[in-house]
Structures are given as structure tokens and as C-alpha cells.
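First up is the structure itself, then whatever we jot down about it.
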């Protein structure tokens, strides 16, 4: 029927993935489970793949970490599904996808935005195995009525220290989306992080 | 015939992704105005194109949409935008603040307290709070970068020097999370305290000016003021003629051509809910105090200062640019 919108699945699916990320970004550390039918070739997990499909396109240069860049099937999939240019220079990327968090480069390797345009900074899409395990952190700041605990694994041993530096750069800095197989959580640059034991 | 005339929620997917990326950066940098590639919409600038684009990028098939214009669900702008999304996204719409998951608003924050999970989308005419003080975008951008907000305080000081009080009544500047000074859009300053630590996500879309900004839930939002001239939440000293509320923001309604007028709640849903709870409805005139409105009058503000000499401020508000 003319004038009648048909619900195309990709539009609904990317909206669902985006909404999970938006909720996660508005409530740092809150884990949002969502169902997705998106499947990427190894080594990227389904939730991270769904986020990639929902947010990346020809306007967003993407940097891939070692294991992803070394997986030609995955690179072909990403190029085909999103049209995003894959770049070798980390600081030229709008998104960086990290399959092996333990080996992730320092945040300063990426675009951190400028004081005039702090939004021109990278968003890190980091694949993790599980939430609720690993070094416990205490999060506070915008989006949190009261401080809350958060943990995910695997993450670099000095991850909390890196987040400290990131917060000190505010309003510049990186924003992080963490994705397990079926859930996402986010650590926007506005979040204040402490070691749970401090 | 079988192909849809447009995508779900009108905008194409690439546009939505672009807006979604801007929304995420806006949430991560509370109060900072993220530039975005605002599209032409099937309505003129000034009718909420920014808000509509943000809503279109955020909305999903399970959302329940409410749209208000100056607090009212039944004005042209609100009705049109509600119908637009009912048609292009097939979503359920409502006028009840509690039921809505997304509320698009022009110049009011509902009186009913918002809850976690709701998204309040503001239509914004001029997103830059410093614009009328410094017309150059390059300069205002640098002022935000350097947290150089002295000029705004000078403006508020000049209000005091001229009028004896801070005469800004709407679009009253706020500081978000202790960093960015932000324009809350032309909401009355009566609504400013509702933004502070609000459980709902607040998104702002300025279509003509091509900016998106945000206040995440539970974020500190402080109205700028001075120690000796603290921010005052202004409310016209009157009683709603329909529901008897003494704690809501009021609209003045001219009832005849002989000077007759009455004040009613600007938030139509709140007013109707109160009237439904009252039985029989109170008559115009004396306030009922709202004490019998079970659960409806939760906005606790009995200690509001009610200065008496500022009746004209509300008219100033009405003169605000239509957006």
C-alpha cells in the first residue's frame, strides 16, 4: 500500500542493537542483553557484530586489531556488511574493533578528539568473554544514581589506570562499548572509575 | 505498489546511523553540542525537525510515543508529529506521561516525574547558549573548550543591575555535570530543576542549527546563578481553573473579548489526570491545594517562592520564538 511503512528486518534489528548501546551508554556499567541474528566470521562475537552493523558505514573508518586484521573472511564480511573503510592508522579511525583486549593498544594511539571538537574521537568496540568477572571496578558519574560495581573479562591489567587517564582528559577521550556474545555494556569517557578495593 | 514509500520511521538507515553516532557521543560528553548532518524533513525548520530526526533514529516498533507542544498533547504541532510516527513507524502513541517510552517535547518538561527507561526528546531552536552574547561560532566553540563562561555570568549580572533580579525566564542556562554550559531549549525556568538528576535520558535536537546534545540520566544540572542572587524557580502565582493545581506551570487563556481570562495547567495530561482523580472536579477560582489528588500531585514544591511582581514574565515566554 502506498504510504504504508513495511517493517524491514534490518531496520528493526539495527534499531534494537543501537537502543541496547544507547541504554548502556546512558547507564555506564549496566549490562544490556539483546537478541541478534547477526553472525560475523570468527573471531568477532554476535553482539559486537550486531553493534558494528548498526553503527558503521562508509563514513566511519574502522581500525581492526591483530586477530581481526589477520582474518580475511572477517574483513571481507565487515566491508560487505557495513561498507566501512578499514584503515591501518589507529588514529584515523572512528571505530576500533578489538577482539583481543589483553593486547589492546594504549588509548592514546587513537583519536581522542580536540578541545573544540571532543566528539571527533574514537569509539572502541571491545569484545569480552563475560561480564561480572575480572577485576571489580566502582563506577560513578553521569548515568549513575549511585556508584555501582562493574567487571568484565578479559581486560588489560592496567585497564582501570587507563580509564583514570581517559577521564582526566575529559572532554577529550575515548568511549568504550564492551560486547560479550549476547550483551553489551559501555564505559563512556564521562565515567569515574575506582578500584573496588580503594 | 508492494514497495514501501519510505523506511521504518521515515529516515533512511544511513541517516539514522549518522544520527545514532551523534547521539552516543552526545551522551558520552554531557552538555556538549555534537554537530550532525541534519536532513530536510517533510516539515519546515522551526517545527521540530531536530526533535523529529532524533526520535526517528531512536524509536523502535515497541516504543510508545507521546508528543507535547508547550505541555499540550492536542496542539497542531504535537498532533502532526504523533501522527507522523504512527504512520511511518506504526508505533503506539499515548498522551499519558507514565505510559510513554519516548516523549518528544517542545518547550516543556511534563509535570509527572519521569522514570528510568524513558527518553525525553527536546525540539531546540538555538542550541548555543552563548549565541546572543557572541555571534561567531568559532568563538563560542573556543569558549566552551576553555570553559570560558564569564560572559554568561555578566549577562545574568546585567539582568540584576537592570531589573533587580535575574530576568531570564526561559532558556535559562544550566551547567551540566560541572562542565558544559547548555541551553535547555526555551523551556520555562520553572522546569529547570526537573532536569537535575532526572532518571530519564534527555536528548536535544536542533534541526536548523544541526546540533544534538544530551543529558544522561542522573546527571547534575545546575542553573547558573550567584550566591547572593540564587536561582529561583518562577511560577505564576495562580491556581489552575480546571484542576485546582497550585504547583504546576500555568497557561493564560483568554475566554472572551471583555478581558475575561483564566489560568490552566500547561501540561494537559497532568491536568486531565488530576481532574479524573477529583470527583466532582473543582470549580474555577479557589485552589483546592491538590491534597485530594491521589498520587497525581507528586511534584512537591510547597516551598516555592512566589514573587508577585513578575506576571509579565509569562507573557515574555509566550513571545518566545515558535519552534
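Chains as they are written, first to last, in this note's numbering: chain A, 1 to 198; chain S, 1001 to 1323. Each residue gets a CB set at the ideal place from its N, CA and C atoms; glycine is no exception. Please read all numbers here as calculations on a predicted model, not as lab measurements.
heavy atom of the ligand ATP below 7 Å from residue i C-beta
i: residue 195/A; result: With respect to the ligand ATP, the structure shown offers nothing to examine, as it has no ligands at all.
Length of the line joining the Cα atoms of residue i and residue j
i: residue 1227/S; j: residue 171/A; result: 27 Å
i: residue 1148/S; j: residue 129/A; result: 44 Å
i: residue 1330/S; j: residue 118/A; result: No answer is possible for residue 1330/S: the residues shown for chain S start at 1001 and end at 1323.
i: residue 1015/S; j: residue 16/A; result: 16 Å
i: residue 1182/S; j: residue 1031/S; result: 6 Å
i: residue 1277/S; j: residue 137/A; result: 47 Å
i: residue 26/A; j: residue 1074/S; result: 31 Å
i: residue 196/A; j: residue 179/A; result: 22 Å
i: residue 1200/S; j: residue 1042/S; result: 28 Å
i: residue 1119/S; j: residue 1112/S; result: 14 Å
i: residue 1103/S; j: residue 1097/S; result: 8 Å
i: residue 48/A; j: residue 177/A; result: 9 Å
i: residue 1229/S; j: residue 1161/S; result: 11 Å
i: residue 1134/S; j: residue 1035/S; result: 18 Å
i: residue 1165/S; j: residue 1249/S; result: 20 Å
i: residue 1262/S; j: residue 1251/S; result: 8 Å
i: residue 1144/S; j: residue 1211/S; result: 15 Å
i: residue 12/A; j: residue 186/A; result: 21 Å
i: residue 1121/S; j: residue 83/A; result: 30 Å
i: residue 1087/S; j: residue 18/A; result: 22 Å
i: residue 86/A; j: residue 67/A; result: 14 Å
i: residue 1040/S; j: residue 198/A; result: 51 Å
i: residue 1153/S; j: residue 1224/S; result: 8 Å
i: residue 107/A; j: residue 64/A; result: 14 Å
i: residue 1176/S; j: residue 14/A; result: 30 Å
i: residue 38/A; j: residue 184/A; result: 14 Å
i: residue 34/A; j: residue 1070/S; result: 36 Å
i: residue 169/A; j: residue 120/A; result: 14 Å
Nearest-angstrom beta carbon gap, residue j and residue i [assumed within contact, 8 Å]
i: residue 53/A; j: residue 81/A; result: 6 Å
i: residue 160/A; j: residue 125/A; result: Actually they do not touch by this definition, with Cβ atoms about 20 Å apart.
i: residue 62/A; j: residue 109/A; result: The pair is not a contact, with the Cβ atoms about 15 Å apart (cut-off 8 Å).
i: residue 55/A; j: residue 1020/S; result: 6 Å
Proximity winner among the options, relative to residue i (alpha-carbon distances)
i: residue 152/A; options: 112/A, 19/A, 101/A and 111/A; result: 101/A
i: residue 1101/S; options: 1071/S, 1058/S, 1178/S and 1034/S; result: 1058/S
i: residue 115/A; options: 173/A, 68/A, 157/A and 147/A; result: 173/A
i: residue 1117/S; options: 111/A, 143/A and 96/A; result: 143/A
i: residue 1025/S; options: 1225/S, 1249/S, 1204/S and 1274/S; result: 1204/S
i: residue 60/A; options: 132/A, 181/A and 122/A; result: 122/A
i: residue 1124/S; options: 1047/S, 1253/S and 1260/S; result: 1047/S
i: residue 175/A; options: 183/A, 181/A and 165/A; result: 165/A
i: residue 1271/S; options: 1245/S, 1259/S, 1254/S and 1208/S; result: 1245/S
i: residue 1010/S; options: 1188/S, 1029/S and 1060/S; result: 1060/S
i: residue 1273/S; options: 1056/S, 1089/S, 1110/S and 1067/S; result: 1110/S
Endpoints, the alpha helix (DSSP H) within which residue i is located
i: residue 9/A; result: 9 to 26
i: residue 132/A; result: Unbroken run through residue 132/A: none, as it is neither H nor E.
i: residue 1177/S; result: No alpha helix (DSSP H) holds residue 1177/S; DSSP gives it neither H nor E.
i: residue 1158/S; result: 1150 to 1163
i: residue 1198/S; result: Careful: residue 1198/S lies outside any alpha helix (DSSP H) and carries neither H nor E.
i: residue 1080/S; result: 1076 to 1088
i: residue 54/A; result: 46 to 55
i: residue 1142/S; result: 1137 to 1145
i: residue 1271/S; result: 1268 to 1277
i: residue 1330/S; result: This structure cannot settle anything about residue 1330/S, because the visible part of chain S is limited to 1001 through 1323.
i: residue 80/A; result: 72 to 82
Strand pairing of residue i, partner residues [DSSP]
i: residue 1104/S; result: 1067/S and 1121/S
i: residue 139/A; result: 148/A and 193/A
i: residue 1188/S; result: 1170/S
i: residue 1034/S; result: 1212/S
i: residue 1010/S; result: 1007/S
i: residue 63/A; result: 87/A and 96/A
i: residue 1206/S; result: 1211/S
i: residue 124/A; result: 96/A and 176/A
Opening and closing residue of the beta strand (DSSP E) in which residue i lies
i: residue 1212/S; result: 1211 to 1215
i: residue 1253/S; result: 1250 to 1254
i: residue 161/A; result: No beta strand (DSSP E) contains residue 161/A, which is instead part of the alpha helix (DSSP H) from 159 to 168.
i: residue 175/A; result: 175 to 179
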